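Undergrad:
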C-alpha cells in the first residue's frame, strides 16, 4: 500500500512540475496576447491590413532602388564602350529612357 501511495505522490509531483513548465512556457511566448488577438477578429484584420500595406510599400521601394541601381550600372557600362556589351546596354538604356518619357501605358 505504501509503495502505491509513494508512486501516486511521485506521479502527481511530476505532473505538477510538467504543468508548471508548460505554464512558464506559455507565458514566455505571450500566449495570452495571441488568444486575445484571435478572439478579436476586427483587430486581427486591421493588423494584417496594416502589415500588408507596409510589406507592399517595402517591396515597391526595394524594387525601385534595385532597378535604379541596375540602370545606373548599365549606363556606366555604356560609357566604357565595350563593343559587344555596349550595343546591348545602349539599346536597353534607350528603351528604359523612352519608356520613362511616354505617358501612355500599354498592356
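Numbering (UniProt numbering), first residue to last: 1 to 107.
From the three backbone atoms N, C-alpha and C, an ideal C-beta is built for every residue, glycine too.
Just so it is clear, the structure is predicted and the values come from calculations on it, not from any experiment.
Here's the rule I'm using: 16 or more other beta-carbon atoms within 10 Å means buried, otherwise exposed. How should residue 27 be labelled?
TA: By 1-based counting over the chain shown, the position of residue 27 is 27. So residue 27 counts as exposed.
Undergrad: Along the alpha helix (DSSP H) that carries residue 71, what are the first and last residues, could you check?
TA: For the purposes of this step, residue 71 is identified with residue 71 of the chain shown, where counting begins at 1. Taken as a continuous stretch (DSSP letters only), the alpha helix (DSSP H) holding residue 71 covers 41-80.
Undergrad: Look at the alpha carbon of residue 50 and the alpha carbon of residue 43, and state the distance between them as a whole number of angstroms.
TA: Within the chain shown, the letter at position 50 stands for residue 50. Within the chain shown, the letter at position 43 stands for residue 43. C-alpha separation (whole angstroms): 11 Å.
Undergrad: Beta-carbon within less than 8 Å of residue 85's beta-carbon, same chain only, minus the 5 sequence neighbours each way: which residues are those?
TA: Residue 85 sits at position 85 when you count from the first residue of the chain shown. Hits under 8 Å: 77.
Undergrad: In whole angstroms, give me the CA-to-CA distance for residue 46 and residue 37.
TA: For the purposes of this step, residue 46 is identified with residue 46 of the chain shown, where counting begins at 1. For the purposes of this step, residue 37 is identified with residue 37 of the chain shown, where counting begins at 1. Going by the C-alpha atoms only, they are around 11 Å apart.
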